[in-house]
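Here the working numbering is used: the first residue of the sequence shown is 5, the next is one more, and so on.
C-beta atoms are modelled at their ideal positions from N, C-alpha and C, and glycine is treated no differently.
Here the structure is a predicted model, which means the values were calculated and not measured.
One structure is given here, and the rest of the page talks about it.
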Amino acid sequence: MKPRESLVRLKEFQVREKQRQLNQLQMMMAEFERMTKDLESQIVFEEKKSGISDPSHFAYPTFAKAARQRADNLQVSIRELKMQQDAAELALAEVQAEYEKAAALEERDAGTRLRA
């Protein structure tokens, strides 16, 4: 195997790995959003059940307080994952550019070898 071929294969692997990481981040964000929606519906249910919707009220349901805190924590996690997703998208674009450059060099070298 020629050095350029192995470089192309390495870059192709790196592209696939970055895409996998990006997909994983997106799946985690979607799952966290789903969990947040579930918690919000549980909060609404608890508030209706107790008749108290003010979190600062002394008789506000403890479960609703805990669920609200979990939902807030999930929103923070989603924002952090979004930053990681942005960074992963940049890294993917860089690796794809490197892969395309390596593939073009390999194609050029293959054309040169055929002519020789």
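In this chain, the alpha helix (DSSP H) harbouring residue 36 covers 7 to 54. Straight-line spacing of the CA atoms in residue 20 and residue 110 works out to 19 Å.
Taking one beta carbon from each stretch, the stretch 56 to 67 and the stretch 77 to 84 have fewer than 3 pairs nearer than 8 Å; the two do not touch.
Only residues of its own chain outside the window of five on either side were considered, and among them 89, 92, 93 and 96 have a CB closer than 7 Å to the CB of residue 26, listed in chain order. Annotation for residue 74: 43 place their beta carbon closer than 7 Å to its own, counting only its chain and skipping 5 residues before and after. Here the C-alpha atom of residue 23 lies approximately 12 Å from the C-alpha atom of residue 31. Straight across, the Cα-Cα distance linking residue 108 with residue 85 is about 34 Å. DSSP places residue 62 in the coil class of the three-state scheme, outside both helix and strand.
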